[in-house]
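K.L.:
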């Protein structure tokens, strides 16, 4: 009897608790619903805006369609959040984001950005800082910065960073989106092995040049980051630098003797050796890759893994099975590979930051990253160190081989001015309008004016009181 | 008709309705104009004034906006590079407009003949000016490619090697002019043809009776009728070519280096590529001022030409 009474009491208590629980849950649900929120399936205990639509602004990259398809397949059904993925021409993306930020627009919730734009975007207030309790420091979040390669995060998502001494503690404004570096694409039917040094490459380029083929192809135009992507690996490889980030100095560094010799070397491949098509002086990335894939050039630097298996696609390539991928050649001092990575961050003016973070968590999840790596047309490598073994294609593994060699140029707000100044002078030297020494002297002088005026130049720092 | 009614004057009877209708009639034109005015102010006048305001600021997208007065103008006017680009823009404008006028005149004379299928020929000649300048620029870029372009192939076949149309400075300038000439000669042709068709046929018959030479006929009869179309063509083509952007941006990217960079491309590079809005606006306003000066001179010449035509007609009438 006593047991029965106890059982009845327990049942009453249980009913009471369940009632309380139901009441409480109902109250929370009503409050959430009145605020337009629904429970998140992906993050238990969290709410998302009912029928929310996240707008993502991204460059037109090969991985875009797969990302969008995966989002529709798994993210939206699980979270109740639709994703509108708008891919625009890379050349216009930076300005578009800056204009949106100027108007404090909430039209897009997520911006994908290039590593060089980071300083300008941070200074302009485009990106939400992520190393906060709401995001990265939240114990429930699935994104941890130590998931990723430090060579990538220090250059791609942390700002301010120092290229010479990459920091692991600077503020975080994004997570990795797309990883690339310039590798050497070479004809393995014409050479036994890829050249490992720039000298070796020059010799092989001369040997392979015939009336029907040039030994080497370059993107020599001065738009975007065309010609600088050709010269930077040679400068850095021979021990040169573009500037001293600590003192904001270009004079004497950009136009150092070693850089002048490096530029002379590059120009001579065109004007003296004749092993590069002279038409390349205003070529872009498309013409450079086109020359290789149509058999008009035997080697070129090109981004990997960006183009996936394009060289082995008979619809796009006349050299199927004949392209190998090697690390960027070494200079007299070291090996340096130009980085070409993009990050993805939350618009600081977005009204759906939690939902945007949910998307980034989904993006960096093992399942999503695995699907991306395994999709050949996406030309994708994950920034997650635990997924390293998934990268098995040669155009993927070469990127991972180059991780220790990665270098980036300026990513301060003035980067676009510095870039245009240098590229104009490099192009003039490339076509023989100026000597390499004069071109670098003029570039260094003009860049120094920009750096001297920069509010971030330590010389211009406002002295603090006391 | 009643006495009361006869005492009311018609004007009084209509007084009230007239004032109401008059008021409505007065405001009606304004109602029609207001939407246009709003669009004009929103899309043209405000951006124009705002860009002038911006040109007095040091403003980079994402950065602070600082009033600098005339500093941006001082900087561009004191820059040798800027004056080199201004001269290049003028050089391109002069070459292109002169060639377009000469070719336009020749084409107009040919198209003015009474020949079979002339309608079809005229239509074909006018096609280039109907195309988007961007499409034309891409089309020419491909044809001029120093590696696989059709012009390069022809030159190679003829034993001239492979000219680098867009890399060699002289050829790059010529390529830009050629693209502009190809697209806009039809426009000049159209204007000239209109002028030629306005010449009374009797004048040519009279000249034939007087045994006038071809040159005398052209100089004394045709030219006076062509003078106004020529000035209109010069006005439009000068304004348009001085603003040239697409052909340069697509074909040479302003290269080699920045040696074929027009002022419009410079304004674009500084304003959009470098995000220096204030400086870009100052360059754009410099272009506006130059174009206005050129346009004023040409309009003055046109007005003088028109006055002379009218005086000539009056003298002929008195005779």
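Chains as they are written, first to last, in the working numbering: chain H, 30 to 495; chain X, 16 to 334. Every residue gets a Cβ at the ideal spot worked out from N, C-alpha and C, and that includes glycine. Note that the coordinates shown come from a computational prediction; the quantities given were computed from them, not determined experimentally.
#1: Residue 18 (chain X) by DSSP, collapsed to three states: which one?
#2: For chain H, find out if any of its Cβ atoms is closer than 7 Å to the Cβ of residue 315 (chain X); answer yes or no.
#3: Decide if the segment 238 to 251 of chain X is in contact with the segment 306 to 316 of chain X; the criterion is three or more beta carbon pairs, one per stretch, under 8 Å apart.
#4: Round the Cβ separation of residue 96 (chain H) and residue 374 (chain H) to the nearest angstrom and send it over; I've been treating them as touching at under 8 Å.
#5: Report yes or no: is there a C-beta of chain H within less than 7 Å of the C-beta of residue 279 (chain X)?
#6: Could you list the residues in the segment 256 to 285 of chain X with a C-beta less than 8 Å from some C-beta on chain H, going in chain order?
#7: Does residue 243 (chain H) come out as helix, strand or coil in the three-state DSSP assignment?
#8: So who's on the other strand from residue 329 (chain H), going by DSSP bridges?
#9: Quick one: Cα of residue 323 (chain H) to Cα of residue 348 (chain H), how far?
#10: Alpha carbon to alpha carbon, how far is residue 330 (chain H) from residue 420 (chain H)? Give it in angstroms, no decimals.
#11: Quick check on residue 354 (chain H) - is its C-beta less than 7 Å from some C-beta in chain X?
#12: If you count every other CB in all the chains shown that lies within 10 Å of the CB of residue 198 (chain H), and 16 or more means buried, which is it?
#13: Check the Cβ-Cβ distances between residue 19 (chain H) and every residue of chain X, and say whether any is below 7 Å.
#14: From H:350, H:153, H:123 and H:291, pick the residue whose C-alpha is nearest to that of residue 215 (chain H); which is it?
#15: Determine the chain X residues that contact residue 445 (chain H) at a beta-carbon separation under 8 Å, and present them in chain order.
#16: If you count every other CB in all the chains shown that lies within 10 Å of the CB of residue 223 (chain X), and 16 or more means buried, which is it?
#17: Does the structure place the segment 159 to 168 of chain H close enough to the segment 199 to 207 of chain H that three or more beta carbon pairs sit under 8 Å?
#18: Report, in whole angstroms, the separation of the C-beta atoms of residue 259 (chain X) and residue 195 (chain X), which I expect to be a contact under 8 Å.
#19: In angstroms, rounded to a whole number, what distance separates the CA positions of residue 62 (chain H) and residue 109 (chain H)?
#20: At the 7 Å Cβ level, is residue 331 (chain H) part of the contact set with chain B, yes or no?
#21: Just checking: is the beta-carbon of residue 456 (chain H) within a distance shorter than 7 Å of some beta-carbon in chain X?
#22: Please list the partners that residue 104 (chain X) has in chain H, where partner means a Cβ-to-Cβ separation under 8 Å.
#23: How is residue 114 (chain H) classed by DSSP in three states: helix, strand or coil?
#24: Opposite residue 386 (chain H) in the DSSP bridges: which residues?
#25: Within the same chain, show all residues whose beta-carbon is closer than 6 Å to that of residue 446 (chain H), passing over the 5 residues directly before and after it, in chain order.
#26: Taking Cβ-Cβ distances below 8 Å as the criterion, which residues of the segment 188 to 220 of chain X are in contact with chain H?
#27: According to DSSP, is residue 371 (chain H) part of a helix, a strand, or is it coil?
#28: List the endpoints of the continuous alpha helix (DSSP H) containing residue 148 (chain H).
#29: Kindly give me the distance between the Cβ atoms of residue 290 (chain X) and residue 124 (chain H), rounded to whole angstroms, as I take these residues to be in contact under 8 Å.
#30: Can you give me the C-alpha to C-alpha distance between residue 271 (chain H) and residue 401 (chain H), rounded to a whole angstrom?
#31: Residues of the segment 62 to 82 of chain X with a CB closer than 8 Å to any CB of chain H: list them in chain order, please.
#32: Is residue 252 (chain H) helix, strand or coil when you go by DSSP?
#33: In terms of alpha-carbon separation, which member of H:155, H:380, H:209 and H:310 lies closest to residue 83 (chain H)?
#34: For residue 125 (chain H), which residues in chain X fall below 7 Å Cβ to Cβ?
#35: Would you identify the three-state DSSP class for residue 203 (chain H), choosing helix, strand or coil?
P.N.:
So, from the data block:
#1: In the second chain, counting from the first residue as 1, residue 18 (chain X) sits at position 3. Residue placement at residue 18 (chain X) is poorly supported in this model, since its pLDDT is 41, which falls under 50; the coordinates still yield a value, given next. Correct three-state label for residue 18 (chain X): helix.
#2: Numbered from its first residue, the second chain carries residue 315 (chain X) at position 300. Not one chain H Cβ lies under 7 Å of residue 315 (chain X).
#3: yes
#4: Along the first chain, read from residue 1 onward, the residue named residue 96 (chain H) stands at position 67. Along the first chain, read from residue 1 onward, the residue named residue 374 (chain H) stands at position 345. Between residue 374 (chain H) and residue 96 (chain H) the Cβ distance is about 15 Å, and since that is not below 8 Å, they are no contact.
#5: On the second chain, residue 279 (chain X) is found 264 positions in, with the first residue counted as 1. Chain H contact via Cβ: absent.
#6: 267, 268, 269, 270, 271, 272, 273, 274 and 284
#7: The residue labelled residue 243 (chain H) in the question sits at position 214 within the first chain. Here residue 243 (chain H) sits in strand by DSSP.
#8: The residue given as residue 329 (chain H) occupies position 300 in the first chain. Note: residue 329 (chain H) sits in a beta bridge opposite H:214 and H:246.
#9: As a working note, residue 323 (chain H) is residue 294 in the first chain. As a working note, residue 348 (chain H) is residue 319 in the first chain. Rounded to whole angstroms, residue 323 (chain H) to residue 348 (chain H) spans 7 Å at the Cα level.
#10: Here the question's residue 420 (chain H) lines up with position 391 in the first chain. Here the question's residue 330 (chain H) lines up with position 301 in the first chain. So the alpha carbons of these two residues sit roughly 20 Å apart.
#11: The residue you call residue 354 (chain H) lines up with position 325 of the first chain. Residue 354 (chain H) does not count as touching chain X.
#12: Counted from its first residue, the first chain places residue 198 (chain H) at position 169. Looking at its Cβ environment, which holds fewer than 16 other Cβ atoms inside 10 Å, residue 198 (chain H) is exposed.
#13: In the structure as shown, chain H begins at 30 and stops at 495. Residue 19 (chain H) is therefore absent and cannot be evaluated.
#14: Looking up residue 215 (chain H) in the first chain gives position 186. Nearest C-alpha to residue 215 (chain H): H:350.
#15: Numbered from its first residue, the first chain carries residue 445 (chain H) at position 416. Result: 288, 289 and 290.
#16: Residue 223 (chain X) sits at position 208 when you count from the first residue of the second chain. So residue 223 (chain X) counts as exposed.
#17: yes
#18: Residue mapping note: residue 259 (chain X) aligns to position 244 of the second chain, counting from 1. Residue mapping note: residue 195 (chain X) aligns to position 180 of the second chain, counting from 1. Right, the Cβ-Cβ distance comes to about 7 Å (below 8 Å), so this counts as a contact.
#19: Sequence index remark: in the first chain, residue 62 (chain H) carries index 33 (1-based). Sequence index remark: in the first chain, residue 109 (chain H) carries index 80 (1-based). Reliability fails at residue 62 (chain H), whose pLDDT of 48 lies under 50, so the model's placement of it is uncertain and the value that follows must be treated cautiously. Distance between the alpha carbons of residue 62 (chain H) and residue 109 (chain H): 14 Å.
#20: Here the protein chains are H and X, and chain B is not one of them.
#21: As a position in the first chain, residue 456 (chain H) is number 427, starting the count at 1. Yes, contact with chain X.
#22: As a working mapping, residue 104 (chain X) is identified with position 89 in the second chain. Those do not exist, as residue 104 (chain X) stays about 17 Å from chain H at its closest Cβ, beyond 8 Å.
#23: Walking along the first chain from the start, residue 114 (chain H) turns up at place 85. Residue 114 (chain H): strand per DSSP, three-state reduction.
#24: Position 357 of the first chain, counted from the start, is the residue given in the question as residue 386 (chain H). Partner(s): none; residue 386 (chain H) has no beta bridge.
#25: One-based indexing of the first chain puts residue 446 (chain H) at position 417. Excluding sequence neighbours, residue 446 (chain H) sits near 479.
#26: none
#27: To locate residue 371 (chain H), count along the first chain from 1; it is residue 342. Strand at residue 371 (chain H).
#28: Here residue 148 (chain H) refers to the residue found at position 119 when the first chain is read from its first residue. Residues 147 to 152.
#29: Working through the second chain from its first residue, we reach residue 290 (chain X) at position 275. Working through the first chain from its first residue, we reach residue 124 (chain H) at position 95. Indeed, because the Cβ distance is near 7 Å, the residues count as touching under 8 Å.
#30: By 1-based counting over the first chain, the position of residue 271 (chain H) is 242. By 1-based counting over the first chain, the position of residue 401 (chain H) is 372. For residue 271 (chain H) and residue 401 (chain H), the distance between alpha carbons rounds to 35 Å.
#31: 75, 76, 77 and 78
#32: On the first chain, residue 252 (chain H) is found 223 positions in, with the first residue counted as 1. Three-state DSSP puts residue 252 (chain H) in coil, outside helix and strand.
#33: Here residue 83 (chain H) corresponds to residue number 54 of the first chain, with the count starting at 1. Cα-wise, what sits closest to residue 83 (chain H) is H:380.
#34: Looking up residue 125 (chain H) in the first chain gives position 96. Near residue 125 (chain H) there are no residues of chain X at all, since even the closest Cβ is about 10 Å away, more than 7 Å.
#35: Start at 1 with the first residue of the first chain, and residue 203 (chain H) comes out as number 174. Three-state DSSP puts residue 203 (chain H) in coil, outside helix and strand.
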